[in-house]
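Everything in the sequence shown is counted per our numbering, starting at 33 for the first residue and increasing by one. As structure tokens, the structure follows; a few thoughts come after it.
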Amino acid sequence: MEAMKFYDYIEVQPPENYSHLLRGHDINNIEHLHYCIKKIIRCAKKIGKLVVATGDVHNINREDRLYREIIVNQNVPGKGRHPLARYLNGANKRNTNNDNIKMVIDRCASQGVVLSSVDQKVLKYIYILTKIKKIPITSLNIASIYATSKNDSAEELFKGKDGEGEKLKAVSSSLRKLTTAGVIKENEAVYELTGNYNESDMAVSGHIPNQFFRTTREMLDEFAFLEDQDLIKEIVITNPNKIIDMLEEIEVVVYPDKPYSPIIEHSQETCRDLVFNKAHSMYGDPLPPNIEVRIAQEFYGDKITDLIKEKIDIDYPDMSDEEKDKIFIPTVHDVIMSGYDGVVALKKDQVKRTSEEELTDEQAEEMAKAQLTGIIGGGFDVIYLIAQKLVKHSNDDGYLVGSRGSVGSSFVASMMGITECNGLPAHYYCPKCQYSEFKDENGVAYADNYPSGFDLPAKDCPKCGTLMIHEGNDMPFATFLGFAGEKVPDIDLNFSGDNQASAHEYTKVLFGTDNVYRAGTIGTVADKTAYGYVQGFYEERLYDILKIEAQSYGMPIMGKDDLKKKGIIKSGVRTPEIERISVGCTGVKRTTGQHPGGIVVVPGYKDIWDFTPFQYPADDPTSAWRTTHFDYHAIDADLLKLDILGHDDPTVLRMLQELASKYITNGEYFDVTKIDLGDLDTMKIFTGPEILGVDRYKLRGLTDKEGRKYCPTGTLGVPEFGTSFLLGMLEETKPTTFAELIKISGLSHGTDVWLGNARDLCTPDENGNIQVPFKNVIGCRDDIMVNLIQWGMKPAKAFKIMEFVRKGKASKDPATWAQHAETMKEANIPEWYIESCRKIKYMFPKAHATAYVTSAFRIAWFKVHYPILYYCAYLSIRRDQFDIESMIKGADAIRDKIDEIDAKGNSASNKETDTRDTLCLCLEMCERGFYFKNIDVDKSDGKKFVITEDEKGLIIPFRALDGLGENVAEAIVKARQGGPFISMEDLRNRGKVNTSAMEKLKALGCLDNMSESNQLSLF
């Protein structure tokens, strides 16, 4: 009763909920269970506590218990099985056939047939399998189940090298003996008993309690044992309603039109000023008209320019169109600089002017705000500003940040420093005088011939003679913000894995520890997993019954996994039934976790409890982070989620930047963002390795039709372009421009965009003819909108078709697609283009592809121009599996090792496959005249490769030694700071190196000049 005093009310549950305790003998009998429930009620009422009958419901319908049993039966990684799982096993049973077995043994003896210990065990296994029925009685099945005893001399032969074969011989001999004695009979190698057999008392698997959702009538019936109708009604009906009345009223958070975002003072002005300051530094002041309009439309939606034109028409009714055109851009600038309030006032005037009803100023202003879209107009400026602060924080730490998704198509995001991608059409601008040029001397837009500005030829500024910068990748901001600027921006960023934790912590600085949480995830059972669960459940039940039957005879059996491998244990359930049952298990919660980079932000004017409970990882209240209890998908429309993801490319570029500052600029800062993305020599590696000075047939990567191994490009180890699939794509497409690299990146990440689609269009036929040049095929989702507009389609319609196609809806909604296809035909869109759109299932954003290719090209630039820096950085950061022995021997040994792994085909392990990928790059490095130096106890780093003094080689780090581990590697380096290792004993003790690793170091010759112990010999 003392324990009860803590609680507001006391729960009791139907006796059925405790049935497992009865079967497990935790409670003696049903009468004792009823007594316990009555005692709980009596004690609670004695101290004045309400007693409430609850169902502790786990499944809706009575028949749904099977699904829960299947889930309970599963072994959850790191947690084991549910406590109820042990009740799924059947209880021990009494053997009812021992008398029959004794009679058989005696009868055989009377016939002069003496049954050995092995014969008797075989006889018992026959009775066991007869009871089960699902496993045929054959010599092989009995031999498979047969488990040997420790001290039976007759079974010694079963434990030798050919034990399984000897066991099968012995079982077959026993079956023949029992057949001869008339105990069993054989029919096509399957045996059955001929004598008496007791069919009763079949072993059955157990059940967990059936905690289904009971009706009020069913709950009343469950407590009938109380024999007090007033009490039963009180705990089942009256008291639950009292509990409801006790609950306080809570304010329900209304489902918002957009996520609740933090408030940052002057965020609108800050965003505006960041954008214009950067834009002016690049393009001058005043800005070119197209840039001024682009900024205005991104800030306030595409209708802002129409609103401004309308204002000019009203304010200057007598002005000519030519004069209006002259003041249009300055007016756009003035309106934007007037800020959010100025734009709202302008929109409010229009609302009042066009409304059919008389509106108050407050009503008109409210409607005006609701109709505004875009970054500032839609209230998304805070999201942009947060992203800008996060990126700047990482940049200040010395790391670049890559953008994901479509954020790179936002010019505002580019000017704020959120992304390096510039969404404007191809153009030049002068870094000295800010002159810019979007058209050639004939008035033709550069974008008409150059989808990417990085492919523009070098050109000096016509104003000051300075070499101009070429920029722009022609990405409409509608792909990110929506055509009217109405979409909620989803800014995903790739931070260096080394700096990701710092970026996460910085959110606490921005918003406060109590306002940021790791985004929780809930892993559910997938359909294929559910199928395996069901199959495994029935296999488990069959084995359980087999084990119980065997125990009743005092007989051991082989383990479940062994019997499964041999095909003895099967589910015995037909595939359609397994599929039916698996549907009931699909979608059930399996695990909880954290999004790898998701941070949920709760604004200061809201509380986390308004949206979700939170929890500590591993229930540790000292953890640095708390996690949302609900899956973040359940609240992502309510709260802002920042995607601060980790990626290797920024880490590689940071290391290259450090190496370049040391080896190229002699200590001065080397800015990797200044690398020319139009560098022609770098571009050449995408069509062959010859620019690297290497024969493609001395490398490894692909195999040609004649069976010769080679590498068709110089892109091994270049992010996004070094896999076998990409090597094949590059060989077929032979890209020569940055725009084509972006297209290839988009094609490789899309679904049904390359294979069976674009590839067929641009692959030459037997006569060498192609249907469509590669540069014209659809690569990214943005291409569709840009292409359709170029063909004369209205932008709004082009955007709608792009959105429909890129989501793969053409195959899902053929009726709507037919309408879009007809619209495209009316616009004279080529048939091949329409058909290509129809096949697409998913399309990659051009901005994402551009960001990836930008990082890849910079890394490739180092590979071409400063190779030893490239190999040092790339192998240090992006590779984990090495083969030191072949690496230090050079190209021939590496080639032999690669061929050895290739010879294994699909039987090669994942580790071997990863090692092969590393060795392919190492082979290329050696073929270029560089070398690897063995692990050096005095010079090797723990994690990173070290450049040799002659700048021609790399010293292998400690972590490359298989089995050493990064922690031990770092421990060795740290211990070395206290003085060089004087012996193997010293290395073992101070460096914490285990015996196995020491032996490997010895075998590699790393310890040849080191004595065994710290003691010196004087003689």
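A virtual CB, placed ideally from N, CA and C, is assigned to each residue, including glycine.
query: From P877, E932, F245 and K81, pick the residue whose C-alpha is nearest to that of T783; which is it?
result: Cα-wise, what sits closest to T783 is P877.
Exercise. What is the C-beta distance between K153 and M587, in whole angstroms, given that I count them as a contact (C-beta under 8 Å)?
Worked result: About 7 Å separates the Cβ atoms of K153 and M587, confirming a contact at the 8 Å cut-off.
Over what stretch of residues does the alpha helix (DSSP H) that includes H502 continue unbroken? Here H502 belongs to no alpha helix (DSSP H); instead the beta strand (DSSP E) covers I501 to E503.
* Asked: Is it a yes or a no for the region 581-598 touching the region 154-169, going by three-plus beta-carbon pairs under 8 Å?
  -> Between the region 581-598 and the region 154-169, the count of Cβ pairs shorter than 8 Å is three or higher; the stretches touch.
Check: Do C493 and K464 have their CB atoms nearer than 8 Å?
Finding: Yes, the pair counts as a contact, with Cβ atoms nearer than the cut-off.
- Query: For D366, which option in S352, L319, F412 and D393 has the closest C-alpha, if you only look at C-alpha atoms?
  - Reply: L319
Out of T795, Y315 and E101, state which residue places its alpha-carbon closest to the alpha-carbon of M447. Y315
For G371, does the three-state DSSP call read helix, strand or coil? Reduced to three states, the DSSP call for G371 is helix.
Report the residue from E1002, C869, K519 and W823 whose alpha carbon sits nearest the alpha carbon of G840.
C869
Short of 6 Å in beta carbon distance, which residues of its chain neighbour S438, apart from the five on each side in sequence? Order them along the chain.
T511, F512, P877 and A879
- Query: Under a three-way DSSP split, which group does T451 fall into?
  - Reply: coil
Q: Starting from L677, follow the beta strand (DSSP E) in both directions and report where the run begins and ends.
A: L672 to H679
Per DSSP, cross-strand counterpart(s) of R113: R113 has N107 as its beta-bridge partners, per DSSP.
Under three-state DSSP, which class holds S232?
-> For S232, the predicted model reports a pLDDT of 49, less than 50, meaning its position is unreliable and no value from the coordinates is stated.
**OP:** Give me the Cα-Cα distance between A1007 and D946, rounded to the nearest whole angstrom.
**Re:** 31 Å
If contact is defined by three or more beta carbon pairs under 8 Å, each pair taking one atom from either stretch, is the region 480-494 in contact with the region 451-464? yes
- Between the beta-carbon of A221 and the beta-carbon of T170, is there less than 8 Å? yes
Three-way DSSP call (helix, strand, coil) for V785 in this model:
coil
- prompt: Is the region 405-414 touching the region 290-307, taking contact as three or more C-beta pairs under 8 Å?
  reply: yes
Quick one: what does DSSP say R622 is sitting in, helix, strand or coil? strand
- Query: With DSSP run on the structure shown, which of helix, strand or coil describes L724?
  - Reply: helix
Considering only C-alpha positions, which residue in the set P291, A175, P508 and E218 is nearest to R1071?
There is no way to answer for residue 1071, as the model of the chain reaches only from 33 to 1051.
With distances taken from CA atoms, which of Y292, W849, G599 and I72 is nearest L671? Y292
Test item: CB-CB of G974 and E998 under 8 Å: yes
Check: DSSP beta-bridge partners for Q567?
Finding: Answer by DSSP bridge pairing: none, since Q567 is not bridged.
For E1053, the three-state DSSP class (helix, strand or coil): There is simply no residue 1053 to check, as the chain begins at 33 and stops at 1051 in what is shown.
Checklist entry - Using DSSP with H/G/I as helix, E/B as strand and the rest coil, what is L1039? => result coil
Original post:
Where does N49 sit, in a helix, a strand or coil, going by DSSP?
Top reply: helix
Legend entry - Neighbour-count burial assignment, D334, 16 or more Cβ in a 10 Å radius: buried
Exercise. Shortest alpha-carbon distance to E198 belongs to which of V1005, S176, I216 and T212?
Worked result: Nearest option by C-alpha distance: S176.
Who are the Cβ neighbours of G754 in its own chain at under 7 Å, not counting the five residues just before and after it? Excluding sequence positions up to five before and after G754, its CB lies within less than 7 Å of the CB of T747 and L748, all in the same chain and listed in chain order.
**Report entry** Residues of its chain near I133, where Cβ-Cβ distance is below 7 Å and the 5 sequence neighbours each way are ignored
**Finding:** L155, K156 and Y159
_Does the region 530-544 come into contact with the region 59-77, if we say contact requires no fewer than three beta-carbon pairs (one atom in each stretch) closer than 8 Å?_
Too few Cβ pairs lie closer than 8 Å, so no.
Open item on the list: By the DSSP assignment, the alpha helix (DSSP H) with L542 in it spans what residues?
Closed with: Q532 to F543
Which residue wins for smallest C-alpha separation from T270, given the options D184, P362 and V83? T270 has its Cα closest to that of V83, out of D184, P362 and V83.
Secondary structure at H627, three-state DSSP: helix, strand or coil?
strand
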